[in-house]
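Note sheet for the following structure.
There are 2 protein chains.
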Amino acid sequence: MATPSALDRTLSALADPTRRGVVDRLRQRPHPAGELAAAFDMSPPAMSRHLRVLRQTGLVEENIDADDARVRVYRLRPEPFAALRGWLDEVESFWEDQLGAFKAHAERTRGTKGPGTSGGRKS
Amino acid sequence: MATPSALDRTLSALADPTRRGVVDRLRQRPHPAGELAAAFDMSPPAMSRHLRVLRQTGLVEENIDADDARVRVYRLRPEPFAALRGWLDEVESFWEDQLGAFKAHAERTRGTKGPGTSGGRKS
DNA sequence: TTAATCATTCACCCTATCGTTAACGACTTT
DNA sequence: AAAGTCGTTAACGATAGGGTGAATGATTAA
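Sequence order for the protein chains is A and B. With the numbering used here applied, the first sequence corresponds to residues 1 to 123, in that order. With the numbering used here applied, the second sequence corresponds to residues 124 to 246, in that order.
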């Protein structure tokens, strides 16, 4: 594994239901690690690992509670979500392009319904 | 594993670098399975499994080539990407709420004073 | 100082996933 | 019909990911 890209790590992190649940929950407000473990009926070590994954991808940030330095409060960070949106925008631009490409393609293949219907298997 | 949600499956599918590479490649044009296996220097069975995952999440669609029924041509499908965007929009609305108005979800938050750091945890 | 609490890392299972080769079904070609 | 091609499923080994309980470090409470 040649050091996965940031997008790799972001998507892997969000692919886990627990971690996505944590993200959803952090939308409401920041939470201490212990609260999250309890909320998902999970042992503290298990949640700690999930939080580490989220932290390493930059999806959440850890802060020491001002009133009790034992407590670590987690909150969302926007950057990885923005990056994911950027990739998604790129992918979805495919269909916009397809509308334009449809005209061009329709010239070459008169009669076929969709753009890029198979063509040759050679490049 | 209580039947993962559609979003679970979509994110898991896209978390794999190979599968995301396939998606990126299909943005250019539809491809036969064999071309994809070759492009990623991977055995046909391995690619076939990746394509099945993508197909099961609805990210790609399989079509029999009109000229050669042995060839299966894969192309992108928009729905799962739109669903992912929907979730991403929800998550990112978090920051809009923070900037705009906390009154929007002030109705749901009981007693807690805004996004405060301190937490009264305790079970 | 001693005890209790919060969260982490460490050690270990256990399952899921990815890759390979071999075998198969479907289609095309000669 | 026989051989060749494309892509799949089947069976297997190797690896990574996620769960637990025990031990550790840091902080607070008594």
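Backbone N, C-alpha and C define an ideal beta-carbon position, used for all residues, glycine too.
Residue closest to P153 of chain B, alpha-carbon to alpha-carbon, out of B:A206, B:E184, B:W210: The candidate whose alpha carbon is nearest that of P153 of chain B is B:E184.
Within-8 Å CB hit, A6 of chain A to chain B: Residue-level contact check: A6 of chain A does not touch chain B, since none of the beta carbons of chain B fall below 8 Å from its beta carbon.
Identity of the residue in B:G157, B:R132, B:F163 nearest D147 of chain B by Cα: When only C-alpha atoms are compared, the closest one is B:F163.
8 Å contact criterion, which F81 of chain A and V214 of chain B should meet: CB distance rounded: Confirmed, about 6 Å.
Own chain residues within Cβ distance below 7 Å of W87 of chain A, not counting five before or after: Within the same chain, Cβ atoms closer than 7 Å to the Cβ of W87 of chain A are found at L7, the five residues on either side in sequence being excluded.
Range covered by the alpha helix (DSSP H) that runs through R52 of chain A: Judged by DSSP secondary structure, R52 of chain A falls within the alpha helix (DSSP H) whose first and last residues are 44-56.
Interface positions of the segment 49-79 of chain A facing chain B (Cβ-Cβ less than 7 Å), listed along the chain: Here the close residues are N63, D65, A66, D67, V71, V73, L76, P78.
Closer than 7 Å: V23 of chain A CB and nearest the ligand GDP heavy atom: Among the components modelled here there is no ligand, and therefore nothing to report on the ligand GDP.
Residues that DSSP places opposite P32 of chain A in a beta bridge: DSSP lists A:V73 as partners of P32 of chain A.
Pick from B:P155, B:P140, B:S166, B:T141 that is closest to D190 of chain B, judged by C-alpha positions: With distances taken between Cα atoms, D190 of chain B lies closest to B:P155.
Nearest residue (CA-CA) to L247 of chain B, options B:A161, B:V194, B:R208: Past the edges of chain B, shown from 124 to 246, lies residue 247 of chain B, and the structure says nothing about it.
Within chain A, the residues that L137 of chain B reaches when beta carbons sit closer than 7 Å: Listed along chain A are L11, each with a C-beta nearer than 7 Å to that of L137 of chain B.
8 Å Cβ cutoff, P140 of chain B in contact with chain A: Chain A, which has a Cβ nearer than 8 Å to the Cβ of P140 of chain B, makes this yes.
Three CB pairs or more closer than 8 Å across the segment 167-176 of chain B and the segment 43-63 of chain A: The segment 167-176 of chain B is not in contact with the segment 43-63 of chain A.
Under 7 Å from the C-beta of F217 of chain B: neighbouring residues of chain A: Under the 7 Å cutoff, chain A gives R27, L76.
Beta carbon of L137 of chain B nearer than 8 Å to that of R198 of chain B: Not closer than 8 Å, so no.
G88 of chain A: contacting residues in chain B (beta-carbon distance under 9 Å): One point to set straight first is that residue 88 of chain A is Leu, not Gly, in the sequence displayed. Within chain B, the residues near L88 of chain A are F204, L207, R208, L211.
Proximity to M170 of chain B [Cα-Cα], best of B:R132, B:S128, B:P140: Nearest of B:R132, B:S128, B:P140 to M170 of chain B, Cα basis: B:P140.
Chain B residues whose Cβ lies nearer than 9 Å to that of V22 of chain A: Simply none; closest approach about 12 Å.
8 Å Cβ cutoff, A224 of chain B in contact with chain A: Low per-residue confidence applies at A224 of chain B: pLDDT is 48, beneath 50, and the placement is therefore not dependable enough to give any value.
Delimiting residues of the alpha helix (DSSP H) encompassing P249 of chain B: Nothing about residue 249 of chain B can be reported from this structure: the residues present for chain B run from 124 to 246 only.
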